[in-house]
Amino acid sequence: MRPDCAIVSAADTVTGAAKPKHLRLALAWGIASALAIAAVLPYVFAAMPAMLAKLPVSLPVFAAIQIVQGSAIIALLSWIGLRLGQPLGLDSPFARALVYRTPFPRVSKKALAGACLAGLITGAVLSGLDKAFEPFMPAMTQPLPAAGIAFWKRIVASFYGGIAEELICRLFLMTVISWIVWKTVLKGKTAPSGTAVMIGIVGAALLFGIAHLGAAAQLWPLTPVVIAKVIALNAIGGIVFGLIFSRRGLEHAMCAHFCADIVIQSVAAMA
Numbered sequence: 326m327r328p329d330c331a332i333v334s335a336a337d338t339v340t341g342a343a344k345p346k347h348l349r350l351a352l353a354w355g356i357a358s359a360l361a362i363a364a365v366l367p368y369v370f371a372a373m374p375a376m377l378a379k380l381p382v383s384l385p386v387f388a389a390i391q392i393v394q395g396s397a398i399i400a401l402l403s404w405i406g407l408r409l410g411q412p413l414g415l416d417s418p419f420a421r422a423l424v425y426r427t428p429f430p431r432v433s434k435k436a437l438a439g440a441c442l443a444g445l446i447t448g449a450v451l452s453g454l455d456k457a458f459e460p461f462m463p464a465m466t467q468p469l470p471a472a473g474i475a476f477w478k479r480i481v482a483s484f485y486g487g488i489a490e491e492l493i494c495r496l497f498l499m500t501v502i503s504w505i506v507w508k509t510v511l512k513g514k515t516a517p518s519g520t521a522v523m524i525g526i527v528g529a530a531l532l533f534g535i536a537h538l539g540a541a542a543q544l545w546p547l548t549p550v551v552i553a554k555v556i557a558l559n560a561i562g563g564i565v566f567g568l569i570f571s572r573r574g575l576e577h578a579m580c581a582h583f584c585a586d587i588v589i590q591s592v593a594a595m596a
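For this note's numbering, count along the sequence shown from 1 and bump the result up by 325.
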């Protein structure tokens, strides 16, 4: 389960043939995540007007703090993910080539189109499942915050999912889980197996779903149906994006996630 265009293969790493640098690439992803956080803030502010009234600082200062703090954390997580991902064949090959000015990997239009199509289909499926759950959901304890948000804010916010969430959930979390499985089960003595990466894919997806339960609890009582919906819908997307990451690289997963969010936000805007 290695990306065809990966710069570093597991075999190269085990033999010590390739030792790429990671810091500059992690910083580049930190800058990209700063832009992604800035992109999602208009959506967040529109969805949480009550929060704005309670801010201890001015809105520009609050936004700047969120951007600087969030991007610094993501840069650190990216560095960890890039480092641990080296022996696993998990990388961001296109960004690496761009940052370090190395030969650019072969770009497969078919693979890129496939990733985008997978994202569009995933977004449609998740939107459909969300509708299918509606008859079984308990009454909301408060109105949905996202109702009435401008369409442009929804679309721009999709960059956060495509960039920041992929850096956190795939490059960092999925990689860390896969690396731990490789080190504990395989003892790190052989090239990582697809099983270790698959466990990382599923584990990261489930944790991402579980992390959304706190936000869900603000809208519904956490009944079994609510818990199942929140975890399942978030995990399905995570598994799809994780598979793409493991086979094609982080950039393809980002494209898929972005396309999925575009569909989800478009459907939500029409509701």
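Backbone N, C-alpha and C define an ideal beta-carbon position, used for all residues, glycine too.
Spatial neighbours of Thr340 within its chain, please: CB distance less than 7 Å, with the 5 preceding and 5 following residues excluded, ordered by chain position. Its pLDDT being 37, under 50, Thr340 is placed unreliably by the model, and nothing is read from it.
Report yes if the C-beta distance between Ala388 and Gly355 is below 8 Å; otherwise report no. no
Continuous alpha helix (DSSP H) assignments of at least 4 residues falling wholly in the segment 488-546: 500-510, 519-536, 538-542
Roughly how many whole angstroms lie between the Cα atoms of Pro418 and Ala449? 28 Å
When you compare each of Ala438, Gly487, Arg431 to Gln590 by their alpha carbons, which one comes out closest? Gly487
When the Cα of Val565 is compared with those of Val527, Pro546, Ile587, which residue comes out closest? Val527
On the DSSP letters alone, give me the boundaries of the alpha helix (DSSP H) that Asp416 sits inside. From DSSP, Asp416 is part of no alpha helix (DSSP H); its letter is neither H nor E.
Just to check my reading of the structure: Gly534 and Ile556 have Cβ atoms closer than 8 Å, yes? What is that Cβ distance to the nearest angstrom? 4 Å
How would you call Met595, buried or exposed, if buried means at least 16 neighbouring beta carbons within 10 angstroms? exposed
Could you pull out every residue in the same chain whose Cβ sits closer than 7 Å to the Cβ of Val365, ignoring the five residues on either side in sequence? Ala482, Tyr485
Check Ile405 in the structure and name its three-state DSSP category. helix
What is the residue span of the alpha helix (DSSP H) that Gly563 lies within? 549-573
Name the residue from Ala351, Val432, Pro385, Ile392 whose alpha carbon lies nearest to the alpha carbon of Ala361. Ile392
Do Pro345 and Gln411 come within 8 Å of each other at the CB atom, strictly closer than that value? yes
Out of curiosity, what's the CA-to-CA distance linking Pro460 and Gly539? 22 Å
Helix or strand or just coil, what does DSSP make of Gly341? With a pLDDT of 41 at Gly341, under the threshold of 50, the modelled position of this residue cannot be trusted, and the question is left open.
Three or more C-beta pairs below 8 Å linking the segment 571-591 and the segment 433-445: yes
Hey, would you say Gly563 sits closer than 8 Å to Ala530, going by beta carbons? yes
Straight-line CA distance for Leu409 to Ile505? 9 Å
Run the CB neighbour count on Thr338, radius 10 Å, all protein chains shown included, and call it buried at 16 or more, exposed below. A caution first: Thr338 carries a pLDDT of 39, below 50, which makes its placement in the model too unreliable to give a value.
Buried/exposed call for Trp477, threshold 16 Cβ in 10 Å: exposed
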